[in-house]
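The structure under discussion appears below in the form of structure tokens.
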Amino acid sequence: MTDYQIWLNGDYVLRSEAKIGMTDRGFRLGDVLFDTSRTYDGKVFRLREHLQRLYRSLKYVRIDPAMSIDDMERITLETVEANEELRRQENDDYMITQIVTRGEGGSVVNPSSPNVSIWIDPIAFDRYSPLYQEGAHAVVTKTRSYSSEQIDPKVKHYSRLNFVLADMEAADVDPNAFPLLLDMDGNLTESTGANFFIVTDGVLRTPGDSSILQGVSRMTVIDLAKQLNIPVAEEDLQPYDLYTADEAFLTSTPYSILPVGRVDNREVTDNIPGPVTNQLLAAWSELVGVDIVDQTAERARMHTG
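Under numbering that gives the first Met the number 0, residues 0 to 304 are what the sequence shown spells out, in order.
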């Protein structure tokens, strides 16, 4: 794995050597927020939107990162620049994540200074590449999404043991499957780190944003759909809607759009990617100046070759 430099509390260190204290509240209590964007040919996609979401989350949980959003953006771009020569050598792209913990100490009343880091993580191109032709397998899990009565799903945080359990449930069915979680009323919400869409009779349908993370990738798809005159409906969806859909796909930072071919071992479609999914993939590729499917396949060959 390429050992990129990461930014940690004001210093650059190799990713393999980065450390924080064992008493950090993020480590001990999951008192930590984050947001993740990615590069396309070295350029960070929609960084400001990701940071705006991060800073809304920080305000919600009352963590002061001790820097403005403008400073966070500047340092993120400086971190990207610090790694650009190595990225070019590797002919790679990567995810870049801002992580903010409340700091060390046992009290929320008077914790120490926050730990702030900006991480570089590889993209699992080898996992995603075949799924653009085969389609991903999604599994509806018994593990539910957190209720908005507990914590608002718009907050992007690492306290996600339910995601871990959902991943394990999906893996029990298929080691490569992606989980889909329901809310307490039986409505579909999201996958682990991903939103999802279905297509029914030419209409692009997705859960409303009151019970899910407001994904930047999700909003990108909605924006592109409107530009392409594809009708969009944000509404409650049940497993029935997914089982009877014409197309389905996931959206997330590392892979943008990932077609779904099966749900709970039921075939959604054998036309992968479907026509609407393919139209949106092409529009996203044009937006970022990179053919997403071709790049993923090329990087997968490099990583496994």
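Glycine included, C-beta positions come from ideal geometry on N, C-alpha and C.
Item                                                                                                                                                                        : Value
Which residues does DSSP pair with T295 in a beta bridge?                                                                                                                   : Partner(s): none; T295 has no beta bridge.
Pull up the distance between the alpha-carbon of T297 and that of S255, whole angstroms please.                                                                             : Sequence check: residue 297 is Glu here, not Thr. Approximately 16 Å, taken between the alpha carbons.
Check whether the region 259-278 and the region 145-161 touch, using three or more Cβ-Cβ pairs below 8 Å as the test.                                                       : no
Cα separation between D10 and S106?                                                                                                                                         : 26 Å
Which partner residues of L257 appear in the DSSP bridge assignment?                                                                                                        : L249
Hey, out of P230, A244, T252, whose CA is closest to G214's CA?                                                                                                             : T252
In the structure shown, what three-state DSSP assignment does Y93 receive?                                                                                                  : strand
Looking at the structure shown, is F124 part of a helix, part of a strand, or coil, going by DSSP?                                                                          : helix
Tell me, which residues are paired with H156 by DSSP?                                                                                                                       : L32
Going by C-alpha to C-alpha distance, which of S210, S144, V154 sits closest to P178?                                                                                       : S144
Which residue's Cα is closest to the Cα of G102: A299, S111, S116, K18?                                                                                                     : S111
Count the other CB atoms, across all protein chains shown, that sit within 10 Å of the CB of A135; report buried if there are 16 or more and exposed otherwise.             : buried
My output table needs one value for E234: the three-state DSSP class, helix, strand or coil.                                                                                : coil
Please check the pair E72 and R47, which I expect to be a contact at CB under 8 Å, by giving their CB distance rounded to whole angstroms.                                  : 7 Å
Taking just the CA atoms, how far does Q97 sit from L57?                                                                                                                    : 12 Å
Name the DSSP bridge partner or partners of I5?                                                                                                                             : V12
When burial is assigned at 16 or more other CB atoms within 10 Å of the CB, is A65 buried or exposed?                                                                       : exposed
Between P113, Y127, R61, which has its C-alpha nearest T250's C-alpha?                                                                                                      : Y127
Applying the 10 Å Cβ sphere with the 16-neighbour rule, what's the burial state of S216?                                                                                    : buried
With a threshold of 8 Å, are at least 3 pairs of Cβ atoms found where one atom belongs to the region 88-96 and the other to the region 218-226?                             : no
Give me, in chain order, the residues of the same chain whose beta-carbon lies closer than 6 Å to that of A17; leave out the 5 immediate sequence neighbours on both sides. : I5, L7
Please classify T295: is it buried, with 16 or more other beta-carbons within 10 angstroms of its beta-carbon, or exposed?                                                  : buried
Relative to the C-alpha of M218, which candidate in Q88, R14, F44, V138 has its C-alpha closest?                                                                            : F44
What residue from D166, M183, L181, D290 has the CA that sits closest to N175's CA?                                                                                         : D166
Using only alpha-carbon positions, find the residue among G201, D200, F195, T199 that is nearest to G207.                                                                   : F195
Determine the contact status of R204 and A232, defining contact as a CB-CB distance below 8 Å.                                                                              : yes
DSSP on E266, reduced to helix/strand/coil?                                                                                                                                 : strand
Would you please state the rounded distance, in angstroms, between the beta carbons of V99 and I62? I believe it to be under 8 Å.                                           : 6 Å
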